[in-house]
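One structure is given below, encoded as structure tokens.
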């Protein structure tokens, strides 16, 4: 049976020592998040994830969800009780608006906790996760009445939320969508259409489900400029705001998916369901996009989460499984064979995952912190810079953490040999669950295009230039620190490659946009490697500082951390050159072949 | 529903134009394999794979195998009939020994056909595939009587075969195995023990199953030097050699696997089952190893096969799915959107897979041809060189084609967006099926160790030196061919990196063997990239020759082939530098961390 232990110590180290969380105590909400409280929240949240949610992961995968003959959907055994305990403990309210029952704490904390819950059980985490997305959309675009009606229940978790975008013929290109909304003259609309891939679309864990639905108002312009956002409750609300009669929305079937079996992914049929406009007419896409940064960061965390839990289990197996002898001579001569962690090729796999996990976790928290600053800082310039950093890093995190997180889950599975391929060890579930994160909330190719097509050129490249300057300043400030040289030098080389690639786009993508498309995915990964390399340099600095302070309690752990970071620089950063070479080769070869000759 | 078309034209082009198959007509068996016959066999074999075997792939995955209460196992619907048709048509006998009912044709042809059958239905292909492995073992190590008893039935396919190595506590390290064999004094043994992960271990498609089982004769030495190989029929044979009463062997349960659901992967219980020694006492591992090259080549082909079928379906989807507009302006303005194949990032994925598939197919056939030459050439030196090449390339093919084949299946799945994640499109099956090939028949980490630890140093590096010389000679012979420059230059660069990496091992792995282990997987992939690059250079030469000959019928296809090859050189070869950098970083960092600190 797979196991999981929340990496609370690493999160705390990143928050306290690397990101200097305490220095933001003048921001609203941060003052309440004292170091003690942060530690208590993460410790208790981690324990909840380990003890209540994780035990339902494998069984939830094997049992899956069931659609009953009346169209209702039953999640796997134990999910409902665990969900109620989750809400009871207030884990869903951490960073929610206090005006509607939230705790108003920094979103960074909710992000950290989200990693634990996703590691423990990704399919489960999606129920509150989708709700959080719907809360964000209503908070930003709902009327006061809508907020009063829906937010308290959703924040408390007694109602969950969904996002309804995709239709059978359109996903990425929402301009093609056909679901229609007919105004009823009383401010309400009747919504009709079919939506697919709707996570948490129908289930019996709560008394109501709040569907946010993209549809086209009758007579609206074609394309993306004619799409509006609607709120459609599963049960209509009575005069007191309580769920009453059924609305015209139902689950037509459950998708047969590769993974996340514990989450009810539904085909949703809307048949003149009553809904209300959220935000302006025909501005539905904009309403969706404003909440996407947050949702994409959540999916990025899913990639990290599966990489982390897969790593932990692979380490446990590698220490336990006896097979063969170390090349340099027996390490456990008293046993029939050595544990396979003595073999360098096993260590290579484990260190590669670990080096990614810590760098990725740092980048997630760094970005989430910028998100908090962007929302809470009193200083406009500070807000703008944080907004820039968050916007720039969001597609990078979503694309790179899910691509690499999946690859890491596959590598961790490999450590188990044949046992990784069979269900009882749970490794194949991590692989199958991780796979979806590369696809939904904008497939990773779309993230790459968002990065090179939108985020890079925005405001004359202001965001990317600021990021380069920040790295440069860090390098300059630490150039004489000999202990940091193994980090600063490779980072500088990687950053050079990233700058060259950026320059190449500036010179070649204006006249031929396909040059941007052809290099977009490589650029995204190049960016991710360098950004995580920058995080590792910051981690190394904080680690050395802690070692110098003589914090002897975990000296060995700190030294190991430096080794994981060194591994990152030695073994992962070299990939930046290959990315640059591919980017620089441009689009000519790939565009030269007629579609029929593929 | 997924579809499949056997790439017969590409196989024929590789055999005839790139590998000059006709020039080997003086070898035994090759004279019969005239170009016309080869074309007829591949065409008909391809059709059989497409029409009879492929339609059972998705249904076989969804239905899976069933273990009945009496311990018998029923494969998915249709498998038995298809298997009988397969045997009827003689597809299993192509390269088998004519003395026992085989056709004696080159093994290269059987390898080419194996790709088609595996693409069509990997789980199905394993039933005859495992039989072929058992046939090879009995052919090499069985007594004349054993051969007479088993081979005719196994070659005809009326009996199938299995390989029983793995036990719950040992897979890679067979020295730990515990299954025991007690001599009965009449030449027979009673075998007892539990074997796991036994492909095609039990099923009702044939009248008997021939289990080859590794076990330890009572009193044998410990470790790998005390292991013997036994043949254990499911039903004992009566005086006429026909299956009679049940032997003490049964399927305890079916493994719950991530994929290849159509193949019955069994836990096999041996309870005083009667068996007979194959080969010498205590030399069972050697008997296994001599057949491993062939089996590993078969698994390499599985990696290619899933990459190919996933590619074909991704191409079809990319041409069909309308979503968004080309960055350079609408390409199908009459439609609501452009087909997604207009997008460079989609083409990047498709070309990467295609460029791999053609290079990999060439390398498979090149290696299989060396296998034929090694077995059939009258000239000792030629035989030795071919044996060297086959031995050298086998771990490279097994490791690289399955790692990259899996990654390609994942990338092809990505083209489908959300539809790739749900069962009805069949893409997730290719991913799940491809995954096992990285694990079984020696996990890929073991292949990498076989390459750097055995194949590289064998005979003072004779094999690798010969391979370098061959590439160098090719470069020299074509250095003035301007049309080939885009292939020769990057190949030279990649080969340089490979030579530097080889040199690095020679200088650093003797004194510290962990340096070999730490770089082994990167070296294997570096080797594969260069070897496939060499194949692409040969393909390009043959393509230019065909274009120069004015073979106008498929000029556009030939030009596209050059573009796929150019893509390989521009986008895939740059990875060699990253591999070299990682290899050269050595083992120090990864060995510096205590196991408890992971």
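Chains as they are written, first to last, in full-length UniProt numbering: chain A, 1 to 598; chain B, 1 to 598. We put the CB at the ideal spot given by N, CA and C, even for glycine. Note that the coordinates shown come from a computational prediction; the quantities given were computed from them, not determined experimentally.
Asked: Coarse secondary structure for residue 206 of chain B, derived from DSSP in three states; Found: coil
Asked: Limits of the alpha helix (DSSP H) - the one that residue 490 of chain A falls within; Found: 485-508
Asked: For residue 73 of chain B: DSSP bridge partner residues; Found: B/67
Asked: Every unbroken beta strand (DSSP E) within the UniProt domain "Acyl-CoA oxidase/dehydrogenase middle" (163-271) of chain A, with a cutoff of 3 residues, ordered by chain; Found: 180-183, 188-199, 208-217, 228-233, 235-237, 243-246 and 249-254
Asked: Any chain B beta carbon closer than 7 Å to residue 97 of chain A; Found: no
Asked: Min CB distance residue 173 of chain A to chain B below 7 Å; Found: yes
Asked: Assigned secondary structure, residue 593 of chain A (DSSP; H/G/I helix, E/B strand, else coil); Found: coil
Asked: Residues bridged to residue 160 of chain A [DSSP beta-bridge criterion]; Found: A/209
Asked: Contacts around residue 199 of chain A, its chain only, beta-carbon distance under 6 Å, and the 5 residues preceding and following it disregarded; Found: 126, 130, 263 and 265
Asked: Backbone CA spacing between residue 158 of chain A and residue 121 of chain A [nearest angstrom]; Found: 20 Å
Asked: Residue 2 of chain B in three-state terms, based on DSSP; Found: coil
Asked: Buried/exposed call for residue 555 of chain B, threshold 16 Cβ in 10 Å; Found: exposed
Asked: Status (buried if at least 16 other CB within 10 Å, exposed otherwise) for residue 168 of chain A; Found: exposed
Asked: Opening and closing residue of the alpha helix (DSSP H) in which residue 344 of chain B lies; Found: 344-376
Asked: Residues of the segment 422-444 of chain B with Cβ closer than 8 Å to any Cβ of chain A, in chain order; Found: 422, 423, 424, 428, 431, 432, 435, 436, 438, 439, 440, 443 and 444
Asked: Contacts of residue 514 of chain B in chain A (Cβ-Cβ under 7 Å); Found: 327, 328 and 344
Asked: Closest Cα partner of residue 62 of chain B within the set B/47, B/218, B/321 and B/78; Found: B/78
Asked: Contacting residues, own chain, Cβ-Cβ under 8 Å from residue 68 of chain B (five flanking each side not counted); Found: 74
Asked: Presumed contact (8 Å Cβ cut-off) between residue 105 of chain B and residue 94 of chain B, rounded CB distance; Found: 5 Å
Asked: Interface flag, residue 610 of chain A vs chain B, CB-CB below 7 Å; Found: Chain A is shown from 1 up to 598; residue 610 of chain A falls before or after that span and cannot be answered.
Asked: is_contact[residue 685 of chain A, chain B] using C-beta, thresh 7 Å; Found: With chain A represented from 1 up to 598, any question about residue 685 of chain A goes unanswered, as that position is not in the structure.
Asked: DSSP three-state assignment for residue 19 of chain B, whether helix, strand or coil; Found: coil
Asked: 7 Å Cβ shell around residue 541 of chain A - same chain, five flanking residues per side excluded; Found: 478 and 484
Asked: Chain-ordered residues of the segment 388-403 of chain B with a beta carbon less than 7 Å from chain A; Found: none
Asked: Member of A/123, A/136 and A/64 whose CA lies at the smallest distance from the CA of residue 96 of chain A; Found: A/136
Asked: Completely contained alpha helix (DSSP H) runs for the segment 127-158 of chain A, where each covers 4 or more residues; Found: 144-156
Asked: Extent of the continuous alpha helix (DSSP H) run through residue 94 of chain A; Found: Where residue 94 of chain A is concerned, there is no enclosing alpha helix (DSSP H), given that its DSSP letter is neither H nor E.
Asked: Whole-angstrom distance between residue 269 of chain A and residue 593 of chain A, CA atom to CA atom; Found: 41 Å
Asked: Whole-angstrom distance between residue 42 of chain B and residue 8 of chain B, CA atom to CA atom; Found: 6 Å
Asked: Other residues of its chain near residue 107 of chain B: CB distance less than 7 Å, five sequence neighbours each side excluded; Found: 95, 368, 371 and 372
Asked: Coarse secondary structure for residue 422 of chain B, derived from DSSP in three states; Found: strand
Asked: CB contact flag (residue 437 of chain A, residue 303 of chain A, <7 Å); Found: yes
Asked: Exposure of residue 103 of chain A, with buried meaning 16 or more beta-carbon neighbours within 10 Å; Found: buried
Asked: 7 Å Cβ cutoff, residue 487 of chain A in contact with chain E; Found: Any reference to chain E falls outside this structure, whose protein chains are A and B.
Asked: Cutoff 7 Å; reference residue 591 of chain B; Cβ partners in own chain excluding five residues on either side; Found: 514
Asked: 6 Å Cβ shell around residue 203 of chain A - same chain, five flanking residues per side excluded; Found: 73, 75 and 264
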